[in-house]
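A short write-up of the structure that comes next.
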Amino acid sequence: MRVLSWNYRGLGKSSVVLQCQKIAQEYWPDVLFLMETKLTKDKGEEIWSRCGFFYGWELPRDGLSGGILLAWMPNQRLQIRYASKNLVHTDLLDNKGTPLSITFAYGHPVLAKREDVWNKLKDLKMLTHLNWLCIGDFNQVLSNDDKFSFNQGVLLGADSLHNVISELSLCELATSGQRFTWMNKREEGDFVMERLDRAFASVDWINTYPNYALKKLPIARSDHGPIILVFDFKLPYRRRPFRFEQMWLSHSSCKNLVREAWGVRTTGSRAYQFRTKLSNVRRAFYTWNKEVFGRLEHDIAHKQAQLQTMQNSIISIDDVRKDKVFREELETLLHREEMMWAQKARCNWIILGDRNTKYFQTVVKQRRAKNKILQLRTEDGSVIEDQKGIENLLVNHFQKSYDGSVSASFENILNEIQTLPIPLVSSQQSCALDCPVSYSEIESTIFQLGSHKAPGPDGIPAFFIRNIGIL
Numbered sequence: 001m002r003v004l005s006w007n008y009r010g011l012g013k014s015s016v017v018l019q020c021q022k023i024a025q026e027y028w029p030d031v032l033f034l035m036e037t038k039l040t041k042d043k044g045e046e047i048w049s050r051c052g053f054f055y056g057w058e059l060p061r062d063g064l065s066g067g068i069l070l071a072w073m074p075n076q077r078l079q080i081r082y083a084s085k086n087l088v089h090t091d092l093l094d095n096k097g098t099p100l101s102i103t104f105a106y107g108h109p110v111l112a113k114r115e116d117v118w119n120k121l122k123d124l125k126m127l128t129h130l131n132w133l134c135i136g137d138f139n140q141v142l143s144n145d146d147k148f149s150f151n152q153g154v155l156l157g158a159d160s161l162h163n164v165i166s167e168l169s170l171c172e173l174a175t176s177g178q179r180f181t182w183m184n185k186r187e188e189g190d191f192v193m194e195r196l197d198r199a200f201a202s203v204d205w206i207n208t209y210p211n212y213a214l215k216k217l218p219i220a221r222s223d224h225g226p227i228i229l230v231f232d233f234k235l236p237y238r239r240r241p242f243r244f245e246q247m248w249l250s251h252s253s254c255k256n257l258v259r260e261a262w263g264v265r266t267t268g269s270r271a272y273q274f275r276t277k278l279s280n281v282r283r284a285f286y287t288w289n290k291e292v293f294g295r296l297e298h299d300i301a302h303k304q305a306q307l308q309t310m311q312n313s314i315i316s317i318d319d320v321r322k323d324k325v326f327r328e329e330l331e332t333l334l335h336r337e338e339m340m341w342a343q344k345a346r347c348n349w350i351i352l353g354d355r356n357t358k359y360f361q362t363v364v365k366q367r368r369a370k371n372k373i374l375q376l377r378t379e380d381g382s383v384i385e386d387q388k389g390i391e392n393l394l395v396n397h398f399q400k401s402y403d404g405s406v407s408a409s410f411e412n413i414l415n416e417i418q419t420l421p422i423p424l425v426s427s428q429q430s431c432a433l434d435c436p437v438s439y440s441e442i443e444s445t446i447f448q449l450g451s452h453k454a455p456g457p458d459g460i461p462a463f464f465i466r467n468i469g470i471l
């Protein structure tokens, strides 16, 4: 499912309508939300029909400004639950039939009246599904990073919107594309760009659509650029690299498996032996995870079913004892699940006694959405969106950077370094650097590393070295 939101600043001219039609045909949204249409009554149907939509709703302009148009496809079964010139709240179905709520927002252009819009947005929470999305032009920057201007000014209204989003427990969706979504198109020192168009969603929405992609398109005819939200943006399948899971440490055979793999005799330099031992550990855990540890979600569901059956048929002391064993086993599995998501979220804390799995899942999915590379700009200024083209561009860039074809000689590089203001190493410092590295220094360095920081290519994070005891 796709949703396109655009503050178009007038749809009265045929050339403008043609541009809107072109965008709709290029991105094929299932729902289209247009603001500042400046259309008179009953003019909207022609617009949404030309853009390929079967159903629509419009709010005519007020004087010479304003106007809203909302269009959708039949599969969405969209119902408008509330409508004003600033908010349109709807219930609908996605392309898989999942119910959700979308609130289309157009923040009031006057700062003093914007608070009323936010208060109404809070009231609408009572009407929403758990899967709730808010998207549109909020007419409000949230930080100094959301604005480019040659004249520094005071940031007004940001705290108010921040407070509302926090009170509604909404998360801002990660974006790609243009940095800003609006420009005033003035000349020289009066030129300003801001990020006003954005989307917020509930935790349930993010967990339902973890593969979403929100893209900001270039600013062209209007002073705003459109934003397009794809609910399920599928990247080509890639085999997941090895990552040592912290939850494996909770299994009784984990440390013995590491010692066996680590104890395999190897020859070569110390660095080569260390690398080989890590490779042995990886291979051992690939097999062990499939054959012994099992699939965590499947095991939790199976254990919950066993526990339910047991608790429905307790008739003896032995049954009570078995129930206790099942509950302890389920608690162990749930703890492993929590550790798994905490590691993926790279959080250094866990609230004891509370299941934070849903929180960690949301953090992981938000990071994955933010880290997606949806487009890259080449040296000639063109934009590549094809995933294979993006991969080739990155590979070619680094091959070109490290192909060893530097024309400078070693002497030239050394002479260049000597011109840099690098402080000289004293004889005492040189002596300290030449001393053999002690065991305590290695141990101290290992324990200063972040437990869940991104591991290297070997997939072994710092907590592995600390907990296994192989130093």
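According to the UniProt record's numbering, the stretch in the sequence shown is residues 1 to 471, in order.
The C-beta atom is built at its ideal place from N, Cα and C for all residues, glycine as well.
Within the model, the alpha-carbon separation for residue 86 versus residue 218 is close to 24 Å.
The C-alpha of residue 180 is placed about 20 Å away from the C-alpha of residue 378. When the five nearest sequence neighbours on each side are left out, the beta carbons in the same chain lying within less than 7 Å of the beta carbon of residue 278 are those of 458 and 460, in order along the chain. Inter-segment contact for the region 159-176 and the region 194-205 is present: three or more beta-carbon pairs are separated by less than 8 Å. Straight across, the Cα-Cα distance linking residue 104 with residue 257 is about 55 Å. Each residue's CA atom was taken as its position, placing residue 19 and residue 4 some 14 Å apart.
Counting C-beta pairs with one atom in each stretch, the region 136-153 and the region 94-102 have fewer than three that are closer than 8 Å, which means they do not touch. Per DSSP, the continuous beta strand (DSSP E) segment holding residue 177 begins and ends at 175-177. Closest in alpha carbon position to residue 444, among 434, 29, 148 and 462, is 462. Annotated three-state conformation of residue 224 is strand, per DSSP. By the criterion of at least three beta-carbon pairs nearer than 8 Å, the region 25-44 is not in contact with the region 246-256. Residue 240 carries a coil assignment under DSSP once its states are collapsed to helix, strand and coil.
It is roughly 43 Å from the alpha-carbon of residue 323 to the alpha-carbon of residue 233. Across the set 304, 135, 426 and 316, the C-alpha of 304 shows the shortest separation from the C-alpha of residue 333. The continuous beta strand (DSSP E) containing residue 2 extends over residues 2-7.
In the three-state scheme derived from DSSP, where H, G and I count as helix and E and B as strand, residue 373 is classed as coil. For residue 29, the three-state secondary structure derived from DSSP is coil.
Taking the CA atoms as reference points, residue 64 sits about 17 Å from residue 16.
In the three-state reduction of the DSSP assignment, residue 90 falls in the strand class. Residue environment analysis places residue 436 among the exposed positions, since fewer than 16 neighbouring C-beta atoms fall within 10 angstroms of its C-beta. In the structure shown, residue 136 falls within a strand segment according to DSSP collapsed to helix, strand and coil. Assignment of residue 210 by DSSP, reduced to helix, strand and coil, places it in the coil class. With contacts defined as CB atoms closer than 7 Å, residue 53 and residue 74 fail to qualify as a contacting pair. Annotation: residue 419 is outside any alpha helix (DSSP H) and is labelled neither H nor E by DSSP. Take residue 61, set aside five residues on each side of it, and the residues of its chain with a beta-carbon closer than 8 Å to its own are 37, 38, 39, 40 and 67, in chain order. When secondary structure is reduced to three states using DSSP, residue 152 falls in the coil class, being assigned neither helix nor strand. By the Cβ neighbour-count rule, residue 456 is exposed, with fewer than 16 other Cβ atoms within 10 Å of its own. Linking residue 120 to residue 152 through their CA atoms gives a straight-line distance of about 31 Å. Per the C-alpha coordinates, the member of 270, 309, 315 and 150 positioned closest to residue 190 is 150.
For residue 190, there is no enclosing alpha helix (DSSP H), as DSSP marks it with neither H nor E. Of the residues 442, 392 and 375, the one whose Cα lies closest to the Cα of residue 384 is 375. Closest in C-alpha terms to residue 71, from the list 21, 269 and 111, comes 21. Taking the C-beta atoms as reference points, residue 306 is found no nearer than 7 Å to residue 274. When the five nearest sequence neighbours on each side are left out, the beta carbons in the same chain lying within less than 6 Å of the beta carbon of residue 137 are those of 7, 35, 106, 196 and 197, in order along the chain. Residue pairing of residue 200 in beta bridges, as defined by DSSP: 134 and 172. Spatial neighbours of residue 155 in its own chain (CB-CB distance under 8 Å, excluding positions within 5 residues in sequence) are listed in chain order as 141, 143, 144 and 147.
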